[in-house]
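Residue numbers (my numbering): 241 to 578.
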């Protein structure tokens, strides 16, 4: 038996979904099988779409006009007429920004990034924050200034029901895009009906979300309901590990900052000691400005007769004598308390 495992992802291509089930649960399953389960409504399939109020511009992060390197013009357009467009959302879960004439609502999670712009005279920020359910449909879509969305939309199994699975696999695509697309999440529901439809949907662009794959495996008792709890525990463990890492990094930063403070305090103490010795030996004037009293060949000959220079020469310690500039920097950084 193989010990190989397929790591979980947010979404899988049909081929990867089959590999995930085969490797992680030792079940022999093919893309053909998955397509049949999708047709029967037992497995949810999705497509990643990016679009706005006028067009769907990207399918699976590929520009519609250039899918499969085709030069033929293609277009995907949401259809705004009776029962063809529907958004339901909870504004209280959205980020809301109010501008001069409109209110912008934004919601982003791991599956959908959604913006909607509404006229402020009909949808003020105060009213939106008091609303738990806001419905936008064809009858009032004219009130919508703008819509932008990017994320996973589900395909109805009924859209694939009329196709022979072997024919689909051999051809590799549906000749026209599914007319009905849905994004159903906790705080938002989007329903799109595609009007202008000249874009094929390639099987390579169909994906299965991880949570839908797990629901599918639960349906056939491949895994029990405790699997979700195991995944949740693992997710919490991962979050805790990440928090521990952040704490360790913060500790290192604090320790580093503390070392800098200790180092600075130690450096100041050393400089105070040097300045005090200079003052005891040569007086306050020399202690405040020892630079002229040390010879620096790169500066001038002035320091040759300096009192500090002479004492070090008499003691044979000139190689240990710092420059006048260095001494000046040391003593200038501290003050002596008399």
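Using N, Cα and C, we set each Cβ at its ideal position, and we do this for glycine too. Bear in mind the structure is a predicted one, so any value in this text is a computation, not a measurement.
In its chain, beyond the 5 residues on either side, 327 and 423 have a beta carbon closer than 6 Å to the beta carbon of residue 430. Rounded to the nearest angstrom, the gap between the Cα atoms of residue 551 and residue 509 is 24 Å.
The criterion of a C-beta distance shorter than 8 Å is satisfied by residue 351 and residue 392. Per DSSP, the unbroken beta strand (DSSP E) holding residue 285 starts and ends at 285 to 292.
When rounded, the separation of the alpha-carbon atoms in residue 339 and residue 364 is 10 Å. Setting aside the 5 residues that flank it on each side, residue 253 is surrounded in the same chain by 444 and 447, each with a C-beta closer than 7 Å to its C-beta; the list follows chain order. Residue 279 has its alpha-carbon roughly 20 Å from the corresponding atom of residue 259.
With fewer than 16 other CB atoms across the displayed protein chains lying within 10 angstroms of its CB, residue 369 is exposed.
Beta-bridge partners assigned by DSSP to residue 332: none are found. Following the DSSP letters along the chain, one finds residue 564 inside the alpha helix (DSSP H) bounded by residues 564 to 572.
In the three-state DSSP reduction, residue 353 falls in the strand class (E or B).
Annotation: the stretch 396 to 473 contains the following complete segments of the beta strand (DSSP E) (minimum length 3 residues), in chain order: 420 to 424, 428 to 437 and 447 to 449.
A buried status is given to residue 285, since no fewer than 16 other beta-carbon atoms sit within 10 Å of its beta-carbon. Three or more beta-carbon pairs separated by less than 8 Å link the stretch 264 to 283 to the stretch 453 to 460, which places the two stretches in contact. Taking all protein chains shown into account, residue 407 has fewer than 16 neighbouring C-beta atoms within 10 Å of its C-beta and is therefore exposed. With a contact defined as Cβ atoms closer than 8 Å, residue 428 and residue 482 miss out at about 27 Å.
At the C-beta level, residue 511 and residue 573 come within 8 Å of one another. The alpha carbon of residue 348 has as its nearest neighbour, out of 374, 414, 334 and 411, the alpha carbon of 334. Among the bridge pairs identified by DSSP, residue 376 is matched with 327. Distance from the CA atom of residue 545 to the CA atom of residue 506, rounded to whole angstroms, is 32 Å. Between the beta-carbon of residue 246 and that of residue 263 there is about 5 Å, and that keeps the pair under the 8 Å contact cut. In this structure, residue 343 places its C-beta atom within 8 Å of the C-beta atom of residue 358. Counting the other Cβ atoms within 10 Å of the Cβ of residue 296 gives 16 or more, which makes it buried.
Residue pairing of residue 359 in beta bridges, as defined by DSSP: 342.
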